[in-house]
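Contents: one structure, followed by commentary.
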Amino acid sequence: GDCQRWLITRRWSVMAAYANQHRWIEKSSQKSQRYAARWYHRWHVPHEPWISITDHGPAVHSGHIVYAGNNFGNIHASRVLPKHLGARVWIRNKVVTKSCASLDGGGWKRVRHVPAGYNWHPA
1 GDCQRWLITR RWSVMAAYAN QHRWIEKSSQ KSQRYAARWY HRWHVPHEPW
51 ISITDHGPAV HSGHIVYAGN NFGNIHASRV LPKHLGARVW IRNKVVTKSC
101 ASLDGGGWKR VRHVPAGYNW HPA
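All residue numbers for the sequence shown refer to our numbering, where the first residue is 1 and numbers rise by one.
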């Protein structure tokens, strides 16, 4: 990814079951303070969770989806992945490097990368 679209959230905001419910975002490429956006993570839907900078519905069309799984494509991917050199998921650790890992003070370790294209990560 080109680091133009990003967000920081807590594990518990992602790893729960929810549908069109507010989930906390600590900060993002759009806002520097904590706020909530509506996401989806239904256990029976293999391409979820949907993680986005804004509420899921508007995020699909504005290119603000930052994560989906199971190789999902469609407009959810085409508005983001080819335009922003793919997408990445990071987990903070103590190593600081000069890349997307330096966002918000650094210390992030990349754990997923989706190349530029039209489908999300296969997991």
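Built from N, CA and C at the ideal position, the CB exists for glycine as well.
Asked: Based on DSSP bridge pairs, tell me the residues matched to Ser29.; Found: DSSP, once it has assigned bridges, lists no residue as partnering Ser29.
Asked: Taking Cβ to Cβ, would you say Tyr118 is nearer than 8 angstroms to Pro82?; Found: yes
Asked: Run through the DSSP bridge pairs and tell me what Leu7 is partnered with.; Found: Ser28
Asked: Tell me Ser52's beta-bridge partners as DSSP assigns them.; Found: Ile65
Asked: Can you tell me whether DSSP reads Ala77 as helix, strand or coil?; Found: helix
Asked: So does the stretch 68 to 80 actually touch the stretch 15 to 26, counting three or more Cβ pairs closer than 8 angstroms?; Found: no
Asked: Are the CB atoms of Gly37 and Trp120 nearer to each other than 8 angstroms?; Found: The question names Gly, but residue 37 in the sequence shown is Ala. For Ala37 and Trp120, no; Cβs fall outside 8 angstroms.
Asked: At which residues does the beta strand (DSSP E) containing Val114 begin and terminate?; Found: Trp108 to Val114
Asked: Under 8 angstroms, do Trp50 and Trp39 count as touching if we go by C-beta distance?; Found: yes
Asked: Which partner residues of Ala19 appear in the DSSP bridge assignment?; Found: Tyr40
Asked: Let me know the secondary structure DSSP gives Trp12 once reduced to three states.; Found: helix
Asked: Would you mind sorting Arg11 into buried or exposed? The rule is 16 or more other CB atoms within 10 Å of its CB.; Found: exposed
Asked: Grouping DSSP H, G and I as helix and E and B as strand, with all else coil, what is Val89?; Found: strand
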